[in-house]
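Note that the protein sequences, when read in sequence, are chains Z and E.
For the first sequence, this note's numbering begins at 2 and goes up steadily by one.
For the second sequence, this note's numbering begins at 2 and goes up steadily by one.
We treat Cβ as the ideally placed atom computed from N, Cα and C, and that holds for glycine.
Since the model is a prediction, treat every value here as computed from it, not as a measurement.
This report concerns only the one structure given below.
2 protein chains.
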Amino acid sequence: MHFGDRLITAVRRSGHPLCVGIDPHLHLIPQIFRVGDMAPNSLQTASAVRTFLAAVMDRVTGKVAAIKPQSAFFEQMGWRGIEVLDNCMKRARANGMVVVLDVKRGDIGSTAEAYATAYLAKGAPLQADAITINPYLGMDSLTPFIEAADTNDGGTFVLVKTTNPGSKDFQNLVHGKMPLYQTVARKLSELSKRHAGPDTGWSSVGVVAGATSPAEAVNIRKELPNSPFLIPGYGKQGGTAEDAVAGFVDGPEGPEGGIISSSRGILFPKLPPGAIGKDWERAVDRALAAAISDVQKALENAATTKSG
Amino acid sequence: MHFGDRLITAVRRSGHPLCVGIDPHLHLIPQIFRVGDMAPNSLQTASAVRTFLAAVMDRVTGKVAAIKPQSAFFEQMGWRGIEVLDNCMKRARANGMVVVLDVKRGDIGSTAEAYATAYLAKGAPLQADAITINPYLGMDSLTPFIEAADTNDGGTFVLVKTTNPGSKDFQNLVHGKMPLYQTVARKLSELSKRHAGPDTGWSSVGVVAGATSPAEAVNIRKELPNSPFLIPGYGKQGGTAEDAVAGFVDGPEGPEGGIISSSRGILFPKLPPGAIGKDWERAVDRALAAAISDVQKALENAATTKSG
């Protein structure tokens, strides 16, 4: 099934667009899962993270459409970390979740093809459903990723606007009358249309659209009416749920238009002193339910505002 | 020893700025090293690549200042490939070579820190001397990399200008009076100066400056007088040695200013039919000697042109 259709259908089925970011910050992993000093290069760290993430996946499976593992937190453990990433993605995909691997890769020619072989091609050793990619090297640097995704019902999310203060340094530079991020979005529009899913119309070419600037999200949506947004920055990064849904549009079951990622708030909830496994499970369940409800309320408000 | 000093001192000692790009294209690996089908996800592929690269390292050790492994070609073999990358970098560093890992990473906040932990921090599981990084996310996205490198006598090469035709799509967009790539270079200039090496003056903040556009290299050099250039695109990617040294400046032992990377021309020379190990060794030695001589001649011409 086409990636755009698959993603949005899964979101509709789950009843909300919340996506769980899998960012295993080593210093935040709860006591009950820690082994040894949890240094990135200690031999036991990767297997402790593997156990932690297996427990996380048990909590979130069936409750969200998608997860977004952040490659950096696996790479910091070297090849052992990549083995854990592999295991985590296989487990999630086997359970029917859409896996968007956040790797922000970008390179040219045969090097971009090698990255696509790693993550997107049929039989990729680190098979994801979609990955994030960086446009700085130009449109021809994106093509190998998009083509590999095409052969395998996969997708891409091109970085357009990010949530950090420094994102204005280059993304907001104006040439002609448009900021760079909007030019990137406009350059993608033809590609996005060409990759529309037959069932929902949503494209397999998505974009990363930061949640801390709703006006910018609206700008990006104008350029890319059928690109799914991957919206980071909700929760701990400072964006509100209302900001996050600013780029959503009317769908058959309410506003829709992508996935909203939250990581730390769900993976690392506050625990009572001396917490045991059951306490941790309850805390994660509560944090996930609260985040889902928060996003659902924002979507209801958005729907009311539009119809009102 | 400070990275800028270490890199340029090693280049002066070797007598040339040629750097060997370690891009293990699986379909180009010679018959004598192949095992099984050499598919990226086959179990034996990674160990075949490991053997091939050990043989390559035997040929180039002592002849070049630096190697530049391209992470994509390792990632395409999954975690087993990362283990081979780890082994390759350890071997090169143990033999005194400077390792510039081409990963083109870029992310924000704690995610950028996790990448820096993977590649640049003291005790990093995939310890490189320097890595390439992507500026699209803004200056604050570069800081964690530069700071981690600082603590460990490491360095960074920020993508400024690349060699692909599509590099004009965004890198050459003009705002005010400058193309984006020059704005990126200008924004880096303060950082570059602040990170000058005490011995040579060369900075630990370097830039990737494509070799197919010598005029652009001169522009970048004006903004960044003491940033080492990492110059890809020499050899198979279409740049000539003369193009590659356009951004070099006068040094105590002739023109200097960075490293020039060549990969395919050296790793995969043409072999006679039925070639055995000795034929391969001779072909690689000859290809490496020819590339070094080519770069040296270009530097001599550059020196003559300037003094003449």
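> Nearest to E:F249 by CA position, among E:A216, E:L268 and E:S264, is which residue?
Replying inline: Answer by Cα proximity: E:A216.
> Residues of chain E with CB under 8 Å from Z:T175, in chain order?
Replying inline: One detail in the question is off: residue 175 of chain Z reads as Val in this sequence, not Thr. Within chain E, the residues near Z:V175 are H176.
> How about Z:D154 and Z:L127: are their beta carbons less than 8 Å apart?
Replying inline: No, they are not a contact pair.
>> Quick test of your reading: E:A210 and E:V161, contact by CB under 8 Å. State the CB separation rounded to the nearest angstrom.
In response: Rounded to the nearest angstrom, the Cβ distance from E:A210 to E:V161 is 6 Å, consistent with a contact under 8 Å.
>> With a threshold of 8 Å between beta carbons, is Z:N165 in contact with chain E?
In response: So, interface residue.
>> Considering Cα atoms alone, identify which of Z:G22, Z:P18 and Z:H17 is closest to Z:F269.
In response: The option with the nearest alpha carbon to Z:F269 is Z:G22.
> Are the C-beta of E:A218 and some C-beta of chain Z separated by less than 8 Å?
Replying inline: The beta carbon of E:A218 sits no closer than 8 Å to any beta carbon of chain Z.
> If we count the other Cβ atoms within 10 Å of its Cβ and call it buried at 16 or more, is E:S294 buried or exposed?
Replying inline: Exposed.
> Which partner residues does E:R106 have in the DSSP bridge list?
Replying inline: BP columns for E:R106 point to E:I134.
> Buried or exposed: which applies to Z:I260, given that a residue is buried once 16 or more other Cβ atoms fall within 10 Å of its Cβ?
Replying inline: Around the beta-carbon of Z:I260, 16 or more other beta-carbon atoms lie within 10 Å, marking it buried.
> Would a C-beta distance cut-off of 8 Å place E:A150 and E:A67 closer than the cut-off?
Replying inline: With contacts defined by Cβ atoms closer than 8 Å, E:A150 and E:A67 do not form a contacting pair.
> What's the call for E:K69, buried or exposed, on a 16-neighbour Cβ count within 10 Å?
Replying inline: By the 10 Å Cβ count, E:K69 comes out buried.
>> Measuring CB atoms only, is the stretch 40-59 of chain E touching the stretch 87-97 of chain Z, in the sense that at least three cross pairs come out at less than 8 Å?
In response: Counting Cβ pairs under 8 Å, fewer than three are found: no touch.
> Tell me which same chain residues have a C-beta within less than 7 Å of the C-beta of E:T201, skipping the five on either side of it?
Replying inline: Spatial neighbours of E:T201 in its own chain (CB-CB distance under 7 Å, excluding positions within 5 residues in sequence) are listed in chain order as G5, D6, I9 and T10.
> Taking Cβ to Cβ, would you say Z:C20 is nearer than 8 Å to Z:S262?
Replying inline: Closer than 8 Å, so yes.
> So, using beta-carbon positions, are E:E76 and E:A47 closer together than 8 Å?
Replying inline: No. Outside cutoff.
> Do Z:N227 and Z:S193 have their CB atoms nearer than 8 Å?
Replying inline: Going by C-beta atoms, Z:N227 is nearer than 8 Å to Z:S193.
> Along chain E, which residues have their Cβ under 7 Å away from the Cβ of Z:H26?
Replying inline: When 7 Å is used as the limit between beta carbons, Z:H26 is near these residues of chain E: S111, in chain order.
>> So, with DSSP's three-state summary, where would you put E:P215?
In response: In the structure shown, E:P215 falls within a helical segment according to DSSP collapsed to helix, strand and coil.
> Name the chain Z residues that come within less than 7 Å of E:E84, Cβ to Cβ?
Replying inline: Per Cβ cutoff of 7 Å: W80.
>> Using C-beta distances below 7 Å, list every residue in its chain close to E:M140, excluding the 5 sequence neighbours before and after it, in chain order.
In response: Same-chain partners within the cutoff: K188.
> Hey, how far is the Cα of E:G309 from the Cα of E:N302?
Replying inline: Summary for E:G309: the model assigns pLDDT 45, below 50, so the residue's position carries little reliability; its value from the coordinates is reported in the next sentence. When rounded, the distance between both Cα atoms is 10 Å.
> Closest Cβ-Cβ distance between Z:T184 and chain E: below 8 Å?
Replying inline: Using beta-carbon distances, Z:T184 counts as an interface residue toward chain E, with a partner under 8 Å.
>> Just to confirm before moving on: does the CB-CB distance between Z:M39 and Z:L29 stay below 8 Å?
In response: Contact: no.
> For the candidate residues E:W80, E:A119 and E:N165, whose alpha-carbon lies nearest to that of Z:D108?
Replying inline: Nearest of E:W80, E:A119 and E:N165 to Z:D108, Cα basis: E:N165.
> Do you know whose CA, among Z:A242, Z:I221 and Z:I267, lies nearest Z:Q172's CA?
Replying inline: Proximity to Z:Q172 across Z:A242, Z:I221 and Z:I267 peaks at Z:I221, based on C-alpha coordinates.
> Comparing the C-beta of Z:G107 with each C-beta of chain E, is any distance below 8 Å?
Replying inline: So, interface residue.
> Is the CB of Z:T118 under 8 Å away from at least one CB in chain E?
Replying inline: Interface residue, yes.
> Using the beta-carbon count (16 or more within 10 Å), is E:A290 buried or exposed?
Replying inline: Answer is exposed; the Cβ neighbour count stays below 16.
> By Cβ distance below 7 Å, which residues in the same chain neighbour Z:D286 in space, the five residues on each side in sequence not counted?
Replying inline: Here the set comprises R60.
>> Per DSSP, what are the beta-bridge partners of Z:C20 in this structure?
In response: Paired residues: Z:A67 and Z:S262.
>> Let me make sure I understand the geometry here. Which of E:V296, E:P233 and E:A73 has the alpha-carbon closest to that of E:E243?
In response: Nearest option by C-alpha distance: E:V296.
> Straight-line CA distance for Z:G207 to Z:Y116?
Replying inline: The alpha-carbon of Z:G207 is positioned some 18 Å away from that of Z:Y116.
> So what does DSSP say about Z:K223, is it helix, strand or coil?
Replying inline: Z:K223 sits in a helix when the DSSP states are folded into three classes.
> Can you find a C-beta in chain Z that's less than 8 Å from the C-beta of E:Y137?
Replying inline: Yes, its Cβ sits closer than 8 Å to a Cβ of chain Z.
>> Buried or exposed for E:G177, going by 16 or more other Cβ atoms inside 10 Å?
In response: Answer is exposed; the Cβ neighbour count stays below 16.
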